[in-house]
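Working notes, structure below.
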Ligand code: TRP
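In the numbering used here, the protein residues as written are 511 to 837.
Encoded structure:
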């Protein structure tokens with residue numbers, strides 16, 4: 511039996527951090543052994559918020575591919591491509607836009623939220639409103655069965671199903687309904703204790719050197735009520751302990767869980783221990799990163815090749831769409 515298809519995309523809006531690795535990339539890596547996977551760089555989607563300044567987009571695209579490969583995505587197993595190299599996404603987007611009711615887009619929860627949240631840019635654009643239609647085109651053009659995403663993307667996926675269904679009602683059955691593959695990974699805390707996010711400037715990046723990681727971890731926020739070394743602490747509210755539970759061995763976590771509460775160990779002791787494990791965890795990724803940074807031509811080649819493969823699939827679907835619509 512043919513493998514089922516998985517598709518997901520990521521916006522090239524910065525370097526990838528530990529939260530992206532644990533929350534998405536690691537899952538993508540595992541899926542490539544089981545499914546026919548398509549992973550793409552959503553560079554058009556990045557324009558919906560960053561249309562006015564495109565100066566960094568090429569760097570981010572390049573660095574993101576390096577982060578992907580360093581984290582174990584394998585171009586021999588998964589198709590890695592770039593959205594703007596497959597113009598068929600845009601053609602399907604325009605066709606789907608014809609039948610997508612405006613209120614469906616206006617009621618997407620992230621839409622109004624973001625328009626209000628983002629104050630420094632004018633988000634009152636056609637492209638931003640149409641963001642979910644483009645995302646629907648991304649997914650439907652590969653007839654993906656599964657889309658690995660975080661909870662924040664569920665409304666977009668629901669809309670994709672509705673857009674696909676409406677198309678099928680008008681023109682006949684073309685699109686299967688894509689299902690979410692929920693990434694259940696809890697949000698990683700950043701160095702300030704809030705969720706790790708590049709907009710908070712609290713990230714540990716895959717591209718950070720061990721020295722930089724050390725500096726950031728040593729400055730990390732712990733239980734805010736534990737001011738002096740001799741104060742007992744509470745691991746339950748300590749972001750450092752959350753990272754311990756992921757990266758340090760169980761024995762260490764058990765030890766901290768007892769000793770921190772009676773001031774038997776200090777935050778610095780815990781930071782030093784965590785650092786050892788974090789740096790060891792990141793070492794193979796960073797080694798691979800270094801190799802890849804030295805071969806920019808290879809990165810471009812991988813994406814060109816992957817985009818060619820993706821394009822062949824996209825063209826096939828688009829031909830069916832054109833036929834169904836009698837264009
Ligand atoms: N909207 C997604 C995000 O911001 C990126 C994306 C674009 C995507 N097209 C997609 C994800 C298709 C999954 C499938 O994270």
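Idealized CB from N, CA, C, for every residue including glycine.
{"Query": "Could you give the residue range of the alpha helix (DSSP H) that holds residue 818?", "Result": "806 to 834"}
{"Query": "Would residue 711 be called buried (16 or more neighbouring beta carbons within 10 Å of its own) or exposed?", "Result": "exposed"}
{"Query": "State the start and end residues of the unbroken alpha helix (DSSP H) segment that holds residue 681.", "Result": "664 to 681"}
{"Query": "Looking at C-alpha atoms only, which residue of 578, 566, 645 is the closest neighbour of residue 510?", "Result": "In the structure displayed, the chain extends from 511 to 837; residue 510 sits before or after that span and is not available."}
{"Query": "With the cut-off set at 8 angstroms, would you say residue 631 and residue 559 are in Cβ contact?", "Result": "yes"}
{"Query": "Considering only heavy atoms of the ligand TRP, does any lie closer than 7 angstroms to the CB of residue 518?", "Result": "yes"}
{"Query": "With H, G and I counted as helix, E and B as strand and the rest as coil, what does DSSP make of residue 548?", "Result": "strand"}
{"Query": "Please state whether DSSP places residue 656 in a helix, a strand or coil.", "Result": "strand"}
{"Query": "Helix, strand or coil, according to DSSP, for residue 587 in the structure here?", "Result": "coil"}
{"Query": "In this structure, how does DSSP classify residue 592 when only helix, strand and coil are distinguished?", "Result": "strand"}
{"Query": "Could you tell me which residues DSSP puts in a beta bridge with residue 692?", "Result": "659"}
{"Query": "What is the residue span of the alpha helix (DSSP H) that residue 768 lies within?", "Result": "760 to 769"}
{"Query": "If you measure from the CB of residue 552, is any heavy atom of the ligand TRP nearer than 7 angstroms?", "Result": "yes"}
{"Query": "Are there any heavy atoms of the ligand TRP lying less than 7 angstroms away from the beta-carbon of residue 648, as far as the coordinates show?", "Result": "yes"}
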